[in-house]
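Chains as they are written, first to last, in the numbering used here: chain A, 1 to 300; chain B, 301 to 601.
A virtual CB, placed ideally from N, CA and C, is assigned to each residue, including glycine.
Keep in mind that this is a model prediction, so the values were computed, not measured.
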Amino acid sequence: MEKSVDGGFRILAIMLASVVAMVLLAILIVVFWGSLDSMGRYGWSFLVTSNWNPVKDEYGAFTAIYGTLLTSLLALLIAVPLGVGTAIFITENIIPLKIRTLIGLMVELLAAIPSVVLGLWAIFVLEPFIRPFLEILHRTLGWLPFFSTDPMGPGIAPAVLILVVMILPIITAIARDSLNQVPMKLRQAAYGIGTTRWGAILNVLLPAAISGIVGGVMLALGRAMGETMAVTMIIGNSNTFSWSVLAPGNTISAMLANQFGEADGSQVSSLMYAAFILMILTLAVNLLARWMVKRLSLKY
Amino acid sequence: MALSPTASLRRDSPDLSYKKGLKRNILNRILTSLVGLFSAIAVLPLVAVLTYVLIKGGRVLNISLFTSPSTGLEGGGIGNAVIGTIIVTFLSALIAIPVGVGGGIFLAEYSGGGIFAQFIRFGTNVMSGVPSIIAGVFVYSVIVKTKIIFGNSYSAIAGGVALSILMLPTVIKTTDEGLKLVPDDLRRAALGVGASKFVTILRITLPSAFTPIATGVVLSIARAAGETAPLIFTALFSPFWPQGFESVFNPIATLSVLIYNFATLPYEAQNELAWAASFVLVLFILLINLFARWLRRFAAN
Chain A
1 MEKSVDGGFR ILAIMLASVV AMVLLAILIV VFWGSLDSMG RYGWSFLVTS NWNPVKDEYG
61 AFTAIYGTLL TSLLALLIAV PLGVGTAIFI TENIIPLKIR TLIGLMVELL AAIPSVVLGL
121 WAIFVLEPFI RPFLEILHRT LGWLPFFSTD PMGPGIAPAV LILVVMILPI ITAIARDSLN
181 QVPMKLRQAA YGIGTTRWGA ILNVLLPAAI SGIVGGVMLA LGRAMGETMA VTMIIGNSNT
241 FSWSVLAPGN TISAMLANQF GEADGSQVSS LMYAAFILMI LTLAVNLLAR WMVKRLSLKY
Chain B
301 MALSPTASLR RDSPDLSYKK GLKRNILNRI LTSLVGLFSA IAVLPLVAVL TYVLIKGGRV
361 LNISLFTSPS TGLEGGGIGN AVIGTIIVTF LSALIAIPVG VGGGIFLAEY SGGGIFAQFI
421 RFGTNVMSGV PSIIAGVFVY SVIVKTKIIF GNSYSAIAGG VALSILMLPT VIKTTDEGLK
481 LVPDDLRRAA LGVGASKFVT ILRITLPSAF TPIATGVVLS IARAAGETAP LIFTALFSPF
541 WPQGFESVFN PIATLSVLIY NFATLPYEAQ NELAWAASFV LVLFILLINL FARWLRRFAA
601 N
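In structure tokens, the structure reads:
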């Protein structure tokens with residue numbers, strides 16, 4: 001009796017554990033299966049053409065793919081210095097521990113704010129607030145293709161900023177943990193041979209913590225590429241391609257959120273194709289993150 | 301007249317006092333103020349978002365909001381969405397907690413780090429990176445479009461399943477890591493007095509790892525309650541009150557989808573409801589988060 005209960009529970013645990021693998025495989029298969037029709041029809045040209053016309057049944061996802069990559073990379077460019085800088089600030093003993101803990105807590109709570117609430121805030125507060133600055137940017141640097149359009153409201157630039165808000169907590173938390181894990185000995189040795197605080201940070205602490213930080217940054221990149229709600233609400237959902245970051249754009253996830261519910265026929269298949277590309281992108285970034293963490297980790 | 305030894309020492313010794321004008325000291329001060337500025341910028345969004353949600357949401361908040369459904373007309377409320385969020389989140393927890401805790405038990409107690417366990421751990425990591433909108437697309441294709449649940453298309457159950465896909469990796473990971481923290485002595489002692497492995501897990505290891513697991517589960521519930529992307533084409537939306545038990549088979553309103561729908565409408569009244577819903581949602585999620593933190597500290601002491 002006892003033996004059979006024991007064995008039964010073991011089998012149950014194995015079955016429950018395999019649910020993850022099965023769901024993951026099912027997701028891949030369903031998305032791939034759904035996109036087969038569109039893959040056969042448009043092939044690789046889907047990736048490089050940017051006309052999205054459900055009436056004429058013409059689909060190309062270049063605008064969305066470009067938007068996904070551009071917004072997440074720009075967001076990373078801003079969030080990495082901010083996040084790593086904050087992590088350094090709260091792991092050094094520059095200010096009292098209580099204030100440092102408070103800053104850490106506040107950044108962590110920022111991660112708990114739902115993306116849809118950030119989207120609401122972006123529409124009604126952030127975008128009107130930054131529009132004058134974007135207009136100045138357009139007037140002074142308008143000769144550059146990246147600032148060539150007049151900011152009209154929703155667009156790529158506010159979407160990037162809201163993505164920065166969303167990935168900042170991830171980068172900060174992981175960079176802080178990696179810096180905290182650097183052995184005290186290394187820091188003491190650096191100070192012992194006469195370096196300054198920043199000499200130690202730049203030459204000893206950051207190189208020792210780099211694997212964790214890079215892992216966190218890649219994780220944030222994956223999160224930024226898949227992020228849906230806040231971006232959907234503020235990016236403007238335009239499939240017309242533009243070089244300008246002040247113009248409305250689109251991302252794969254925003255396109256899915258907007259169109260998937262009402263789509264039918266070959267539009268569903270094309271959206272699935274786009275979803276499949278998004279999955280491959282996030283999967284690749286996550287795998288790359290793991291590989292880099294392994295590759296970069298220092299032995300000390 | 302020979303000088304005293306201390307005086308000679310004083311004359312030859314270098315000046316060890318801190319020199320403000322030294323290049324490396326200037327650089328240090330610049331960099332320190334720079335990261336201080338960065339931290340201030342990093343804290344700013346939370347303060348700004350919370351202030352606006354509290355002011356804009358708090359201004360329109362009153363009891364009647366909770367007693368009327370989100371018809372979208374004058375006098376509409378968010379009451380049905382509050383109930384809907386609770387129902388959908390509860391359904392997702394009902395699926396994700398047993399499956400996730402079971403999977404975590406397998407990884408920590410049975411697997412012994414074999415190939416299969418590594419594969420499951422890898423899968424868990426990959427799954428936590430799957431964009432939430434993809435979970436929505438998946439559940440839409442498998443449950444909503446096929447009408448597999450007694451011929452119902454959009455339903456609270458579909459929404460719950462979509463959310464549970466997002467919760468699952470977190471629950472597995474926290475269970476796995478929580479159980480690994482339990483000292484092996486406890487397991488050996490239990491087995492030594494003749495308990496079976498099943499009894500050991502149920503009566504000894506799981507209870508000792510209760511706090512870390514509960515903390516992780518509570519945090520994942522908070523996260524699921526705020527998710528929108530997986531719900532927009534699974535649970536959809538409804539302007540009516542959920543009607544009894546039947547409501548799990550029908551489209552249901554949730555706070556997050558209400559915010560999304562009403563924020564993008566051009567009407568003032570709807571926008572205000574979106575702010576009120578944000579107020580309730582953010583308050584709920586922050587309270588859960590602080591509770592989980594308290595739970596962790598309480599257990600540590």
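Query: Cutoff 6 Å; reference Phe562(B); Cβ partners in own chain excluding five residues on either side; Result: Gln570, Leu573, Ala574
Query: Cutoff 8 Å: Trp198(A) Cβ touching any chain B Cβ; Result: yes
Query: Chain A contact residues for Arg488(B), given Cβ-Cβ distances below 9 Å; Result: Per Cβ cutoff of 9 Å: no residues; Arg488(B) is ~17 Å from chain A at best.
Query: Own chain, CB closer than 6 Å to Ala462(B), minus 5 neighbours either side, in chain order; Result: Ala435, Gly436, Val439, Pro530, Thr534
Query: Distance between Ile448(B) and Phe32(A) (C-alpha atoms, nearest Å); Result: 20 Å
Query: Through-space distance from Glu92(A) to Met301(B), alpha-carbon basis; Result: Confidence is the limiting factor: at Met301(B) the pLDDT is only 47, short of 50, which leaves the residue's position unreliable, though a coordinate-based value still follows. If you take the alpha carbons of Met301(B) and Glu92(A), they lie about 52 Å apart.
Query: Selected residue, minimal CA-CA separation from Val382(B), among Ala514(B), Ile588(B), Phe584(B); Result: Phe584(B)
Query: Start-to-end residues for the alpha helix (DSSP H) that takes in Phe549(B); Result: Note, Phe549(B): premise wrong, no alpha helix (DSSP H); not H, not E.
Query: Segments assigned alpha helix (DSSP H), at least 4 residues, entirely inside the region 153 to 191 of chain A; Result: 156 to 181
Query: Three or more C-beta pairs below 8 Å linking the region 542 to 559 of chain B and the region 396 to 416 of chain B; Result: no
Query: Min CB distance Arg597(B) to chain A below 8 Å; Result: no
Query: Assigned secondary structure, Glu527(B) (DSSP; H/G/I helix, E/B strand, else coil); Result: coil
Query: Trp52(A), DSSP secondary structure in three states; Result: strand
Query: Simplified DSSP assignment, three categories, for Met301(B); Result: Confidence in Met301(B) is poor, its pLDDT being 47 and thus under 50, which makes the residue's placement unreliable; the coordinate value appears in the next sentence. The answer is coil: DSSP assigns Met301(B) none of H, G, I, E or B.
Query: Partner residues on chain A for Leu331(B), Cβ-Cβ distance less than 7 Å; Result: Trp198
Query: Where Lys3(A) falls, given that 16 or more other Cβ within 10 Å makes a residue buried; Result: exposed
Query: Where Val268(A) falls, given that 16 or more other Cβ within 10 Å makes a residue buried; Result: buried
Query: Where Leu283(A) meets chain B, residues with beta-carbon distance less than 8 Å; Result: Val426, Gly429
Query: Any C-beta of chain A under 8 Å from that of Met301(B); Result: Confidence at Met301(B) is low in this model, with a pLDDT of 47, below 50, so the placement of that residue should be treated as unreliable; the coordinate-derived value is given next. No - not a single Cβ of chain A is within 8 Å of the one on Met301(B).
Query: Inter-residue spacing [alpha-carbon to alpha-carbon] between Ala408(B) and Ala17(A); Result: 11 Å
Query: Where Thr228(A) meets chain B, residues with beta-carbon distance less than 8 Å; Result: Pro431, Ser432, Ile433, Thr528, Ala529
Query: Sequence-distant residues of the same chain with beta carbon closer than 6 Å to Leu137(A), five excluded per side; Result: Phe147
Query: DSSP-derived helix/strand/coil call for Asn286(A); Result: helix
Query: For Gly423(B) and Ala490(B), the rounded distance between their alpha carbons; Result: 32 Å
Query: Residues, ordered as in the chain, of the region 493 to 507 of chain B that lie near chain A by beta-carbon distance below 7 Å; Result: Ser496, Lys497, Phe498
Query: Which listed residue (Asn258(A), Ala247(A), Trp121(A), Leu221(A)) has its alpha carbon closest to that of Leu264(B); Result: For chain B, the structure presents residues 301 to 601; residue 264(B) sits outside this window and is missing.
Query: Chain-order list of residues whose beta-carbon lies under 8 Å from that of Val164(A) (same chain, five-residue window excluded); Result: Ala75, Ile78, Ala79, Leu82
Query: Closest residue to Ala220(A) among Asn286(A), Arg131(A), Ile65(A) (Cα-Cα distance); Result: Asn286(A)
Query: Under 8 Å between C-beta atoms of Phe62(A) and Thr49(A); Result: yes
Query: Sequence-distant residues of its chain with Cβ nearer than 6 Å to Glu127(A) (five each side left out); Result: Pro158
Query: Residues near Gly357(B) by beta carbon distance below 7 Å, same chain, minus five either side; Result: Trp575, Ala576, Ser578, Phe579
Query: Identity of the residues DSSP links to Glu108(A) by a beta bridge; Result: Partner(s): none; Glu108(A) has no beta bridge.
Query: First through last residue of the alpha helix (DSSP H) which encompasses Phe400(B); Result: Note that residue 400(B) is Gly in the sequence shown here, rather than Phe. Residues 379 to 405.
Query: Coarse secondary structure for Asn571(B), derived from DSSP in three states; Result: helix
Query: Close Cβ partners of Thr500(B) (< 8 Å) along its chain, the five nearest in sequence each way excluded; Result: Arg487, Ala490, Leu491
Query: Tyr59(A) (DSSP reduced to helix, strand or coil); Result: strand
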